[in-house]
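Following my numbering, the numbering of the sequence shown begins with 3 at its first residue and continues without gaps. Below is one structure; the comments refer to it alone.
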Amino acid sequence: MLLPLLTEADPETSSEGSIDPLGVYAIADSLGVRLAPGVRERQSHPRFLTAMAVASAVCCDFDDDAVAKDGVSPPWQVFEWYLVEGLVRTLRGTREEIRGLPGVDKATSAIDEGVPLSARRYLKTPSVFGFHGVYRVLADELDIVRDGRLGETGYNLVLTWANEQRLTGFFDSKAGPGRAFRDMLRSAIEDGIEKGAVARSTAWQGWNFFRDHLAPYRFERGEAQVIIDSLIRGTSGYRSEIIRFMASKTGESLCREVVESGKSEGDFHSGLITETGGDLRSLLKAIQAYERFARLLQDAFEDCLYEMTKTRGKTSPADLSKRAGVQKASQLLPDLFPAVADLLSPFGETYRFQEQFAEVSARGSAETWVVSLIDHHRRIQMQKPPNGKNPWFERFDDGSVVIRPGYLRYEGGSHDGRYVNAYRTRPLWSFIKDLGMVHGEE
Numbered sequence: 003m004l005l006p007l008l009t010e011a012d013p014e015t016s017s018e019g020s021i022d023p024l025g026v027y028a029i030a031d032s033l034g035v036r037l038a039p040g041v042r043e044r045q046s047h048p049r050f051l052t053a054m055a056v057a058s059a060v061c062c063d064f065d066d067d068a069v070a071k072d073g074v075s076p077p078w079q080v081f082e083w084y085l086v087e088g089l090v091r092t093l094r095g096t097r098e099e100i101r102g103l104p105g106v107d108k109a110t111s112a113i114d115e116g117v118p119l120s121a122r123r124y125l126k127t128p129s130v131f132g133f134h135g136v137y138r139v140l141a142d143e144l145d146i147v148r149d150g151r152l153g154e155t156g157y158n159l160v161l162t163w164a165n166e167q168r169l170t171g172f173f174d175s176k177a178g179p180g181r182a183f184r185d186m187l188r189s190a191i192e193d194g195i196e197k198g199a200v201a202r203s204t205a206w207q208g209w210n211f212f213r214d215h216l217a218p219y220r221f222e223r224g225e226a227q228v229i230i231d232s233l234i235r236g237t238s239g240y241r242s243e244i245i246r247f248m249a250s251k252t253g254e255s256l257c258r259e260v261v262e263s264g265k266s267e268g269d270f271h272s273g274l275i276t277e278t279g280g281d282l283r284s285l286l287k288a289i290q291a292y293e294r295f296a297r298l299l300q301d302a303f304e305d306c307l308y309e310m311t312k313t314r315g316k317t318s319p320a321d322l323s324k325r326a327g328v329q330k331a332s333q334l335l336p337d338l339f340p341a342v343a344d345l346l347s348p349f350g351e352t353y354r355f356q357e358q359f360a361e362v363s364a365r366g367s368a369e370t371w372v373v374s375l376i377d378h379h380r381r382i383q384m385q386k387p388p389n390g391k392n393p394w395f396e397r398f399d400d401g402s403v404v405i406r407p408g409y410l411r412y413e414g415g416s417h418d419g420r421y422v423n424a425y426r427t428r429p430l431w432s433f434i435k436d437l438g439m440v441h442g443e444e
């Protein structure tokens, strides 16, 4: 099934754009941000927030403009190299313990080849795809780390973590074993900055620190509670209401069906709507309507790709118009379009929706509509940065199209009403499981 969910971005030098071919993602992401501020689909394990807080505590004495010898890696990035390499070195025999660790494959390759982790050997864009990049927006939202400095929540989180880990002195003036560990980490980072790479050998005892004190799944109760409190304390969005519903018996059952049994996220939203009201209810109704629109559009597009794949040559708009998804979309989208626009109005997305999808919402024959769908896809691809992307098929002067080899499809649309986009249910469910808020998951 063709989904617009963002994976790692297409390289800027590539003329291919395999992500979001119909332009349905941006509005969905905006609605998702309103629903659960700070939470992103890439996120899965909230203990990386603790790792970020610890990194900030260790790196706070470095100059704000300090960078490694490579000219690009700040101290927190060097800390991230050590943590990722340390977790892989000490836990690679139990892969489940490092599932969801950004950079795990890069670190594994570097270790196997006997070379230190560095900017060249790590993720291509670590500020986006490393754990600091993935969780930075949430860390800022929760006042854990802001602009590289500990916030109030972050300060409490580090102190609670250090106390439970028996690391007294790590981030306070008390005497204790924590001071030695902090000095050890700072020294490693200083040497890493000077070298522009991890600067510790296989025999370094510090690798065990990351396994023993910062492994992704090993929360202590107090540390977890600091994060829980910050997640449900927020005054913006509806993160608190969603989390509380997820932790209820009804919400837990729905989440398991969505995340573990493959049901649509819309099923969870339908259950949540019955338990809430006001602005959250309005937002969920808008999401449901937008997703119905997106699903009709997506199914029609996938049906067209399937028809082109079967033909393996020129396919006319007349042939494409016979597909079930095209027939259905051409009939239903014109009436659905104004209804969705109205529901999006309270959330400031009406104008963008109308600008983006007016051409595929005009009333007409199925053949006329499928030509609009082809034009819509080509426009979406042309507008992608930095210089546009190729459409997924070639169009000829007679209006016929030929699918390009990289985009062949061997089945059509799902036609099942499932959401096309994602709205934070999966990361939030993973969060509350890790934090011990789900019965039987402590």
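Where is the CB? At the ideal position from N, CA and C, for every residue including glycine.
Out of the options, point me to the one whose CA is closest to residue i's CA.
| i | options | result |
| --- | --- | --- |
| Phe-355 | Gly-25, Gly-19 and Ile-434 | Gly-25 |
| Ser-58 | Ala-343, Asn-158, Leu-119 and Ala-30 | Asn-158 |
| Val-74 | Ser-120, Ala-190 and Phe-433 | Ser-120 |
| Ile-21 | Val-422, Thr-427 and Lys-435 | Val-422 |
| Tyr-412 | Leu-335, Ile-113 and Leu-307 | Leu-307 |
| Leu-1 | Gly-264, Lys-265, Leu-286 and Glu-225 | As shown, the chain starts at 3 and ends at 444. That puts residue 1 outside it, with no answer to give. |
| Ala-201 | Gln-333, Met-186, His-215 and Leu-282 | Met-186 |
| Phe-133 | Met-54, Gly-156 and Gly-280 | Met-54 |
| Ile-434 | Val-35, Arg-44, Ala-30 and Pro-48 | Pro-48 |
| Leu-299 | Lys-330, Arg-314, Ile-100 and Pro-319 | Lys-330 |
| Leu-103 | Gly-116, Asp-66, Val-261 and Ala-217 | Ala-217 |
| Leu-282 | Thr-313, Gly-239 and Pro-429 | Gly-239 |
| Gly-88 | Phe-212, Ile-100, Glu-99 and Gly-171 | Phe-212 |
| Ser-17 | Gln-385, Gly-156, Glu-154 and Asp-145 | Gln-385 |
| Lys-265 | Ala-68, Ala-424, Glu-99 and Ala-112 | Ala-424 |
| Ile-113 | Ser-203, Ala-182 and Phe-183 | Ser-203 |
| Pro-340 | Glu-357, Ala-141 and Gly-408 | Glu-357 |
| Asp-145 | Cys-257, Ile-229 and Asp-436 | Ile-229 |
| Arg-258 | Trp-394, Pro-429, Arg-151 and Arg-235 | Pro-429 |
| Asp-65 | Gly-150, Val-260, Ser-46 and Gly-315 | Gly-150 |
Is it buried or exposed for residue i, if we count other Cβ within 10 angstroms and need 16 for buried?
| i | result |
| --- | --- |
| Glu-10 | Any reading at Glu-10 needs caution, since the residue's pLDDT is 46, under 50, leaving its predicted position unreliable; the model's value is listed next. With fewer than 16 other Cβ atoms within 10 Å, it is exposed. |
| Arg-297 | buried |
| Ala-205 | exposed |
| His-441 | exposed |
| Asp-231 | exposed |
| Glu-14 | For Glu-14, the pLDDT reaches just 49, beneath the cut-off of 50, and the residue's location in the model is therefore unreliable, leaving the point undetermined. |
| Cys-1 | The displayed coordinates of the chain run from 3 to 444. Any statement about residue 1 would go beyond what the structure contains. |
| Ala-368 | buried |
| Met-439 | buried |
| Tyr-353 | exposed |
| Arg-168 | exposed |
| Gly-156 | buried |
| Arg-101 | exposed |
| Ser-332 | buried |
| Val-117 | exposed |
| Glu-293 | buried |
| Asp-107 | exposed |
| Phe-398 | exposed |
| Gly-153 | buried |
If residue i sits next to residue j, beta carbons under 8 Å apart, how far is it from one beta carbon to the other, in whole angstroms?
| i | j | result |
| --- | --- | --- |
| Val-136 | Arg-42 | 7 Å |
| Thr-317 | Glu-304 | In fact, because the Cβ distance is near 14 Å, the residues do not count as touching under 8 Å. |
| Ala-291 | Gly-415 | Wrong, their Cβ atoms sit about 19 Å apart, outside the cutoff. |
| Pro-23 | His-417 | That pair is no contact at about 18 Å. |
| Thr-110 | Val-90 | 6 Å |
| Glu-289 | Leu-33 | Per the sequence presented here, residue 289 reads as Ile, with Glu not at that position. Contact holds; Cβ gap of about 5 Å. |
| Phe-295 | Leu-346 | Not confirmed; about 10 Å, so no contact. |
| Thr-92 | Asn-210 | 6 Å |
| Pro-348 | Ser-284 | 6 Å |
| Val-56 | Arg-188 | The pair is not a contact, with the Cβ atoms about 12 Å apart (cut-off 8 Å). |
| Pro-336 | Ala-360 | Pro-336 to Ala-360, Cβ: 11 Å. No contact. |
| Gln-383 | Gly-19 | 5 Å |
| Arg-381 | Trp-394 | 13 Å between Cβ atoms; not a contact. |
| Gly-198 | Ala-70 | 5 Å |
| Tyr-219 | Asp-72 | So it is not a contact: roughly 32 Å between Cβ atoms. |
For the ligand GTP, is there a heavy atom less than 7 Å away from the beta-carbon of residue i?
| i | result |
| --- | --- |
| Ala-205 | Among the ligands in the structure shown, none appear at all, so the ligand GTP cannot be discussed. |
Check the Cβ-Cβ distances between residue i and every residue of chain B, and say whether any is below 8 Å.
| i | result |
| --- | --- |
| Tyr-137 | In the structure shown, chain B cannot be found, because there is only a single protein chain. |
The stretch 124 to 139 contacting the stretch 234 to 249, beta-carbon criterion three pairs below 8 Å
no
Would the stretch 364 to 377 count as touching the stretch 263 to 282 if we require 3 or more Cβ pairs under 8 Å?
no
Segments of 4+ residues assigned as alpha helix (DSSP H) that fall wholly inside the stretch 128 to 170
128 to 131, 133 to 143 and 154 to 166
In chain order, each alpha helix (DSSP H) run of at least 4 residues that lies wholly inside the stretch 228 to 281:
241 to 248, 251 to 257 and 267 to 275
Those runs of the beta strand (DSSP E) which lie wholly inside the stretch 26 to 114 and span at least 3 residues
none
With contact counted as at least three CB pairs below 8 Å, one residue from each stretch, are the stretch 64 to 84 and the stretch 188 to 196 in contact?
Result yes; three or more Cβ-Cβ pairs closer than 8 Å.
Quick check for students: name the residue ranges of the beta strand (DSSP E) that lie wholly in the stretch 385 to 440, counting only runs of 3 or more.
395 to 397 and 403 to 405
Touching or not, the stretch 216 to 232 and the stretch 147 to 165, by the rule of three or more beta carbon pairs under 8 Å?
yes
4-residue-minimum alpha helix (DSSP H) runs that sit fully inside the stretch 280 to 358, ordered along the chain
280 to 313, 319 to 322 and 326 to 346
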